[in-house]
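One structure is given below, encoded as structure tokens.
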Amino acid sequence: MSIFFLEYRAVLKLTGKDRHAFIQGLITQDIMLLDQQPFLYSLLLSPQGKFQYDMFLFQSDEALYIDTDRVDDLRTHLNRFKLRSDVQIETTDLRVYASLAEIPHLGEDFIFKDPRHTDMGFRFYSYTALDGLISLAEYDRHRISLTVPDGIRDMIVDKSIPLEWNMDKLNAISWDKGCYIGQELTSRTKHLGLIKKRVATLPVNNIPQDSADKTVRHIQTYGDQSLCFVRF
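Just so you know, the sequence shown maps onto residues 8 to 239 in the numbering used here.
Printed below as a string of structure tokens:
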């Protein structure tokens, strides 16, 4: 069984009666969908509609959990918006793991199907440090073969445009939930067809070497595959 420890990510816990309304006005996905499905993928954008954080969300008992990178920055960021909302935000000791195949339930752990792609396997959270973990390189090879970016490891804060990174195809955006930070520009970009390039995966030896060729721009290489922007 291939289990990967995503040590660069951590989990926040939100409690308080206003936790759903609070997060709903900030993120790109509809938090109310957690009443119908157990796990969501979402983004938090700048007012200009640029990427700032990606996150996975789930709930248990009277708490909402957020899996993200830059966890301390996100906690500070969220606290700026609290005002008088009844929301408490704390960092948990949950560890973030991924697996490409279904795994048995490990006691009190949280286990979910990755919502970004049908072949992305499972994501799970445990207070226990697991043994026998696989190198993250295998996880990266798999997700890059599916063109699935991984937060700030691939995207650039305050610069990356969500639709250029296929966030609409990776189930990160609700188009009918109402307002959130960056919503107006994201919706306008979609409806006016302003996206002229998208991220794609290409074999390293297929990337054009001619700097005058503007149709493909290399972003990052993982093994023998590269993420690239392809113009159309």
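All C-beta atoms in this analysis are idealised placements derived from N, C-alpha and C, irrespective of residue type, glycine included.
With a beta-carbon spacing of about 5 Å, Tyr48 and Pro122 fall inside the 8 Å limit used to define contacts. Tyr132 sits away from Asp68, with the two beta carbons spaced by 9 Å or more.
In this structure, Arg26 lies near Val94, with their beta-carbon atoms less than 9 Å apart.
The criterion of a C-beta distance shorter than 9 Å is satisfied by His84 and Leu51. Counting only runs that start and end inside the region 133-210, the beta strand (DSSP E) elements of at least 3 residues fall at 204-210.
Restricting attention to Pro111, Leu64, Asp76, Met39, the CA atom closest to the CA of Pro156 is found in Asp76. Taking a contact as a CB-CB distance under 8 Å, the pair Pro169 and Ile180 counts as one, their CB atoms being some 7 Å apart.
Within the same chain, Ser9, Ile10, Phe11 come within 8 Å of Ile141 by CB-CB distance, once the 5 residues on both sides are set aside. Counting only the Cα atoms, Pro54 lies some 25 Å from Ala17. Residue environment for Ala144: exposed (fewer than 16 other C-beta atoms within 10 angstroms of its C-beta). Per DSSP, Phe29 lies in no beta strand (DSSP E) segment; the continuous alpha helix (DSSP H) that holds it begins and ends at 26-31. Straight-line spacing of the CA atoms in Thr135 and Leu81 works out to 24 Å. Spatial neighbours of Ser167 in its own chain (CB-CB distance under 6 Å, excluding positions within 5 residues in sequence) are listed in chain order as Phe58. From the listed residues Ser194, Tyr187, Ile202, Met162, the smallest Cα separation to His225 is found for Met162.
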